[in-house]
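Here is the structure we will look at, set down as structure tokens.
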Amino acid sequence: GSEYDGVDCLLEPTTTNGVSRIWIPSATSWTDYSVSLRGINTWLQRDAWLYARTTSFKSTTSPWTDAGYSCKYDVIVAVDSSTATTTGKLMMYRDQRHLASVTTDFYKDVWFTQTFTLVDDALSCSIVYDNGENVTVTATDSTYASGSTGWLIYRADTDADGFRNIYYESFT
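If you count the sequence shown from 1, you need to add 8 to reach our numbering.
So, in structure tokens, the structure goes:
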């Protein structure tokens with residue numbers, strides 16, 4: 009990773025035509041758990057995924073799972089690097105099948121925590137911003153009872169100040 013505004017970051021997107029992904033392939037036996045990702049979006053331009061109960065991916069260049077759930081931070085209206093807010097969706101998928109979504113605003117330069125919780129067949133994904141805004145999407149699905157976790161940022165762009173799209177501070 010690198011540093012953003014004095015904070016050491018775990019992962020920054022570094023490829024302009026693919027994906028930057030981290031996941032734990034040895035943890036595919038995990039069942040009920042919550043996973044949280046703390047980040048900041050410095051340019052509301054690209055999408056990001058948080059994975060749970062995942063056991064395999066389509067490929068190293070695709071964000072989609074072959075087996076597992078994902079919660080997608082979907083920037084619907086990509087904007088220039090100076091725009092502070094844009095419309096998007098928090099979307100939940102099983103593999104590439106859409107399970108649920110909610111329309112929301114995404115904020116530039118505001119730290120957020122995205123949390124994906126799975127208990128039995130109840131799935132919940134939320135984003136809580138440091139500015140007090142929050143959104144949650146829920147679904148019920150029993151296809152996958154266990155699997156690992158991870159996250160991904162799709163592509164990378166650098167704004168005029170040299171910052172990437174999204175920086176991640178912690179993953180717990």
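Ideal Cβ positions, reconstructed from N, Cα and C, are used throughout, including at glycine.
Considered as a whole, the segment 116 to 166 harbours 119 to 127, 130 to 137, 142 to 148 and 156 to 162 as its complete beta strand (DSSP E) runs of no fewer than 3 residues, in chain order. For Leu45, the enclosing beta strand (DSSP E) stretches over residues Tyr41 to Asn49. Going by C-alpha positions, Val43 is about 31 Å away from Ser90.
The C-beta separation of Tyr176 from Arg61 comes to about 20 Å, leaving the pair out of contact by the 8 Å criterion.
Judged by pairs of C-beta atoms under 8 Å, the segment 50 to 58 does not touch the segment 143 to 152, as fewer than three such pairs exist.
Per DSSP, Trp38 lies in no beta strand (DSSP E) and is assigned neither H nor E. In the structure shown, the three-state DSSP call for Arg54 is coil.
Closest option to Leu45, judged by alpha-carbon separation, among Arg102, Thr36 and Tyr59: Tyr59.
Distance between Ile174 and Lys116, taken at the CA atoms: about 9 Å. Across the structure, Ala75 and Trp119 are spaced so that their CA atoms are roughly 30 Å apart. As the crow flies, the alpha-carbon of Ser37 is around 5 Å from that of Gly155.
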